[in-house]
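Working notes, beginning with the structure itself.
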Amino acid sequence: MSSDKSNPPDVVMAEAEESVKEMSGKPGGDSNPFVEEAVQLGLRAQLAPAADGALSEDSITERDVEKEDKALLDECNPLAGIADALDAAEDENPAKRAAEELTIKQIQKGRNMTIAAISAPAVEMVRPLVEDRQMPTQFLYKIDPDIDAIVAVIVKNIGSYMLASPAKREYCGTDRGDLFYLAINERQQFMPEDWSPVQLPVNKDTQAFFAAKECAVFRRTLEFSTPICAAVDAKQRGHKLPIVVYGQTTLAWMKPNQIKSQKEKYLAADVFVPMVLPGQLIRNIKKGEATKTVLELTAKVQNIWSLPPLITKITPIAPEKQRQLEMAPMSFSHKAPHEDAAYSQAYAATFGLYGCIALASRNEDLRHFVADVVSVIVRRRQSFGPKGTAISAELPDGSSLRLSVLTAEQVLRRVRVGARLLSPAVSFDSITQVTIHQRPSDRGDLARQAPKLKNIPIVNKGNNAMQALAVIRGEQPLPPLQPLHGNPEEDLFTADLTLSDKQVQITRTLAQNEFTALAISCGFGTGKTTTLCISVLNRMNTIRDTSVMVGMSNSAVTSAVAAMRHIDKTGKCKIVRIITATNRNQLESEHHTDDDFPIIWKEFFHKLVTGFDNSSKPLDDDIVDATHYLKQTAEITVKSLKRRDLRVEVSTGAPKKKLTQLFFQLFEPDLVLGTIASIRSAYTNTGMQQFSDEVGLLLIDEASQLPRYAFMTVCHTFPQARPVLLGDVNQLPPFADNELPEQLHRYAIGSVLRDATSFNRFPQLPLMTVHRCPAPITQML
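Take 22 as the starting number for the sequence shown in the working numbering and just add one per residue.
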């Protein structure tokens, strides 16, 4: 749960919405019950200060983090043994009975210790030498309810060591991502001081249990001389400043005086990064299993938390990295080769992008909080309701429920949260406590816009987009546009619309390859979208390539699709709007189109396969692949096919080509639309490189909101395309977190449209005539 308080709550009150009594009584349940019903869970508990064992920068020594990475003792998953142990008979397994007696509050104590143990660097034990082995601190005969320890089971005897795993299986599923080893054993006396490497009998491996006082993380790294940047204007947490670390998507924290004492402009540090790995399920999930079954079997590993990086000490930045940061974004004064300047530009922008992602998660709290269930209220609704912070609620049996926060209220030392249950309904009749935690937000759209750092396209005359990118970073301006020859109105398709002189000039310019890049200054209502659509249609008559239009929002993309369908009444232009099925389902219906990829590929493949099935043409591999994908989505069945050879091929084997690659090869779109993140994802899939090279025109709408890293991304994806920036420098600037350091803002955000139009760096064609007037002004006239 996110909180602005210095002492965030250890226990929380929450409300979730879902049907309990009514739904649990339905046989088999509804396939999507929470659309019709809603339940409120009231969760109540007191607030408590943060757990002990907080990390300390001084506690991490160079010796601790430089230990040799040795092979694991056993390649077998440690959970295999405990899975068998917990499934054994009750009378033969005291560890299972002990674990079942644990209350959820005792589990919370163990979790607090887990965080401290994993974070502490001095306990890393990967096959320690004899002289380095540590004796166990305590053996237990029964569970102490107040002990702050994780109850573990010895699951495998490997000689002088015992392989241990937590007795409570949900520890491994949610908290214990690091399946750990302990150097521990026992003798007949069961006394720690009598510890010796005598092996246990095999029949006792699953019977002994003990308190795990130390554990070791499987993986962790130490990054040396990593560039960092302090967000000095950001809100402090516990008298510490947030620090952006290159290569890390979470913030580190340092005391302000440690930063202010540094006089260098560019800072670097040695950074300790704990690596927490998710637990492995020792269960067989059959291919094609029902979604509900898969969710049930994987419920215990749905919650994954991470640990923040720690700065061990400030170090001088490497001269090469300092030069890369100094060269970006304007490198003309350094006379650097194109390759060095392009890499420096991408490196610095990536640094800034890490800052954007890290700051977006600064209010996330990934700790767990115990809450009491105090109420369950049924509500009837027909919609999901507003979006909110994603949280998870773990039930006593270890299963996980997904919720979305709607309201939050803090009263004294208590917090009450209203949330909607998004998982299938369960019965809360016997559940009095749950453990909730905030789910990390998905920042995949930002990550997918990161520039390339390897195999960056070169800057030459054939790579128009890379030439434009070089100009943005400060190289010589592009040459002006050459006069167009011939009759301006000759053979110009206008869709029976009257175009202004500027619209005609833009249309004729974009229909030819006589420019490298272009900036079109246009405001609201100037006919920008109409001009673009007519330009694409005219370009199809002269040049055989693909045009790509990207927008900064789904609203702009949807408007462009609607405008093209309105202008191109004959359907001459084959268009596709790139968007995933998941993202499409999350959008409002007003942003859906019939040309969305999840819709159009099914319709196109179905038409193609049906026509082939009714013909006598030779069998084609692409048709077989298309039939495979239709079969996977239940759009077609094998029995419905008429041709025997097609039925045989579809019944066996798998598609040879990826879905996106196959669709582009068969459909051959003339215009591809989407947001920058969706376009980048589609064209970086396997087999899509050939289609990237076929893009000749790159139209970037709402360019005033275009950040540097996004412009680099599309230029790296379509190096040969001719970029066209459309927008108004006086409209909305690129979005950036107000706490993003100025240095990182300059690297990653900037103002691409302003840079392109300043000092005539790009040729410009203004589009200033307003063709529509706002309603209030029209009424006044």
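Using N, Cα and C, we set each Cβ at its ideal position, and we do this for glycine too.
The three-state secondary structure of residue 770, taken from DSSP, is coil.
Note that the C-beta distance between residue 746 and residue 527 is not below 8 Å. DSSP, reduced to helix, strand and coil, places residue 714 within a helical segment of the structure shown. For the options 393, 574, 329, 519, the alpha carbon positioned closest to that of residue 436 is the one of 393. By the criterion of a C-beta distance shorter than 7 Å, residue 498 is surrounded in its chain by 492, 780, 781, 782, once the five residues flanking it on both sides are discounted. Around the CB of residue 645, 16 or more other CB atoms lie within 10 Å, so the residue is classed as buried. Remark: three or more beta-carbon pairs, one from each stretch, lie closer than 8 Å, so the region 266-280 and the region 327-336 are flagged as touching.
Residue 384 and residue 674 have their alpha carbons spaced roughly 48 Å apart. Residue 442 is positioned such that its CB atom lies no closer than 8 Å to that of residue 514. With three or more CB-CB distances shorter than 8 Å, the region 711-721 counts as touching the region 559-571.
Positions of the alpha helix (DSSP H) runs, each at least 4 residues long and wholly inside the region 447-513, are given as 465-468, 485-493 in order along the chain. Collapsing the DSSP output to three states places residue 360 in a helix. Residue 570 is bridged by DSSP to 694, 720. Look at residue 632 here: in three-state DSSP terms it is helix. Taking a C-beta distance under 8 Å as the contact criterion, residue 738 and residue 713 qualify as a contact pair. DSSP links residue 602 through a beta bridge to no other residue. Excluding the 5 residues flanking it on each side, residue 623 has same chain C-beta neighbours closer than 6 Å at 656, in chain order.
Burial state of residue 471 is buried, judged by a 10 Å Cβ sphere holding 16 or more other Cβ atoms. A straight-line Cα-Cα distance of about 6 Å links residue 457 and residue 415.
In the three-state reduction of the DSSP assignment, residue 376 falls in the helix class.
Boundaries for residue 682: no beta strand (DSSP E) harbours it, while the alpha helix (DSSP H) harbouring it runs 680-688, taken from the DSSP string. Taking 8 Å as the cut-off, the Cβ atoms of residue 578 and residue 605 do not count as close. Rounded to the nearest whole angstrom, the C-alpha separation of residue 286 and residue 246 is 15 Å.
When rounded, the separation of the alpha-carbon atoms in residue 589 and residue 294 is 55 Å.
Between the region 477-488 and the region 697-711 there are fewer than three inter-stretch CB-CB distances shorter than 8 Å, so the stretches are not counted as touching. Between the region 631-646 and the region 609-617, the count of Cβ pairs shorter than 8 Å is below three; the stretches do not touch. In the three-state scheme derived from DSSP, where H, G and I count as helix and E and B as strand, residue 675 is classed as coil. By the 16-neighbour rule on beta-carbons within 10 angstroms, residue 487 is buried. For residue 591, no alpha helix (DSSP H) segment is defined, and its DSSP state is neither H nor E. If you check the CB distance, residue 339 and residue 366 do not come in under 8 Å.
With fewer than 16 other beta carbons inside 10 angstroms of its own, residue 756 counts as exposed. Residue 565 and residue 741 have their C-alpha atoms spaced approximately 14 Å apart. Minimum Cα-Cα distance from residue 251 among the listed residues 691, 375, 361, 717 corresponds to 375.
In this model, residue 765 and residue 269 are separated by some 14 Å (Cα to Cα). When only Cα atoms are considered, residue 541 and residue 550 end up about 12 Å apart. Nearest to residue 427 by alpha-carbon distance, out of 421, 438, 417, is 438.
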